[in-house]
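Trainee:
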Amino acid sequence: MSFKLKYRRIGTFMIDMAIVQMFAMVGRDLYLGIIAYISNGTGATFSLNDAMALPALLLLFLGVMLLFIGVFMGYQWICYRLLGTSLSRYLLSVQIVATDDQPLTKQRYLKREFNKIYLCVATLGLYPLYCGAQYLAFSHLPWHDRTNHTTAILR
Numbered sequence: 002m003s004f005k006l007k008y009r010r011i012g013t014f015m016i017d018m019a020i021v022q023m024f025a026m027v028g029r030d031l032y033l034g035i036i037a038y039i040s041n042g043t044g045a046t047f048s049l050n051d052a053m054a055l056p057a058l059l060l061l062f063l064g065v066m067l068l069f070i071g072v073f074m075g076y077q078w079i080c081y082r083l084l085g086t087s088l089s090r091y092l093l094s095v096q097i098v099a100t101d102d103q104p105l106t107k108q109r110y111l112k113r114e115f116n117k118i119y120l121c122v123a124t125l126g127l128y129p130l131y132c133g134a135q136y137l138a139f140s141h142l143p144w145h146d147r148t149n150h151t152t153a154i155l156r
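When the count follows the numbering used here, it moves up by one through the sequence shown with no breaks and lands on 156 for the last residue.
1. What residue from L137, H141, L88, G42 has the CA that sits closest to D17's CA?
2. Can you tell me the Cα-Cα spacing of Y136 and L92, whole angstroms?
3. Give the secondary structure of T124 by DSSP, where H, G and I count as helix, E and B as strand, and everything else as coil.
4. If you follow the alpha helix (DSSP H) that V72 is in, where does it begin and where does it stop?
5. In the DSSP assignment, find the alpha helix (DSSP H) that holds L88 and state where it starts and stops.
6. For T13, collect the residues of the same chain with a Cβ closer than 8 Å to its Cβ; drop the 5 residues on either side in sequence, then sort them by chain order.
7. Between which residues of its own chain and A19 is the CB-CB distance below 6 Å, once the five residues before and five after are set aside?
8. Quick test of the definition: if touching needs 3 or more C-beta pairs under 8 Å, does the stretch 33-44 touch the stretch 70-87?
9. Excluding sequence positions up to five away, which residues of its chain have a Cβ less than 8 Å from the Cβ of S140?
10. Measure from the alpha carbon of Q22 to the alpha carbon of each residue in F115, A57, M66, A123, then state which is nearest.
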């Protein structure tokens, strides 16, 4: 595979991510607005010193990650139905290459895109969730705090 094609494929993924990010920002604002409305309606409050603050923030963060994955998959499904590929691949004329001799069906295409976005979001989002869960369950400091010695500044 030539370097030009690799850069075009990476570019199409980045364009898709930017398009999805625009839609996901609207969804995120709606999601957080609904959460704020529910919490104000019930009168439930918590501060950052409460024991429930970290689990609530982790739950919100997980919800935003799942929302982003859902918006990305919805975008890919709509693009596949209308164009047969994503919008950025269509505009940049990048062909989808199947690794074997079988044709690329809708299920294979969406599974491939799901794996791509799932691994991307899980890689970026798993570390904060892991650190938060370790701190909540065992009071272990996050790895970046121990490595960079930033806990002394925070205390």
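A virtual CB, placed ideally from N, CA and C, is assigned to each residue, including glycine.
Mentor: Answer, in terms of the structure:
1. For the purposes of this step, residue 17 is identified with residue 16 of the sequence shown, where counting begins at 1. Nearest option by C-alpha distance: L88.
2. Walking along the sequence shown from the start, residue 136 turns up at place 135. Walking along the sequence shown from the start, residue 92 turns up at place 91. Answer to the nearest angstrom: the Cα atoms are 46 Å apart.
3. The count along the sequence shown starts at 1 and reaches residue 124 at position 123. Reduced to three states, the DSSP call for T124 is helix.
4. Mapped onto the sequence shown, residue 72 falls at position 71. Element bounds for V72: 54-84.
5. Residue mapping note: residue 88 aligns to position 87 of the sequence shown, counting from 1. Here the alpha helix (DSSP H) through L88 covers 88-93.
6. As a working note, residue 13 is residue 12 in the sequence shown. Cβ within range, chain order: S87, S89, R90, L93, V95.
7. Numbered from 1 along the sequence shown, position 18 holds the residue referred to as residue 19. Counting only Cβ-Cβ distances below 6 Å, and skipping sequence neighbours, we find nothing.
8. no
9. Taking the sequence shown and counting its residues from 1, one reaches residue 140 at position 139. The answer is none, since no qualifying residue turns up.
10. The count along the sequence shown starts at 1 and reaches residue 22 at position 21. Of the listed residues, the one whose Cα sits closest to Q22 is M66.
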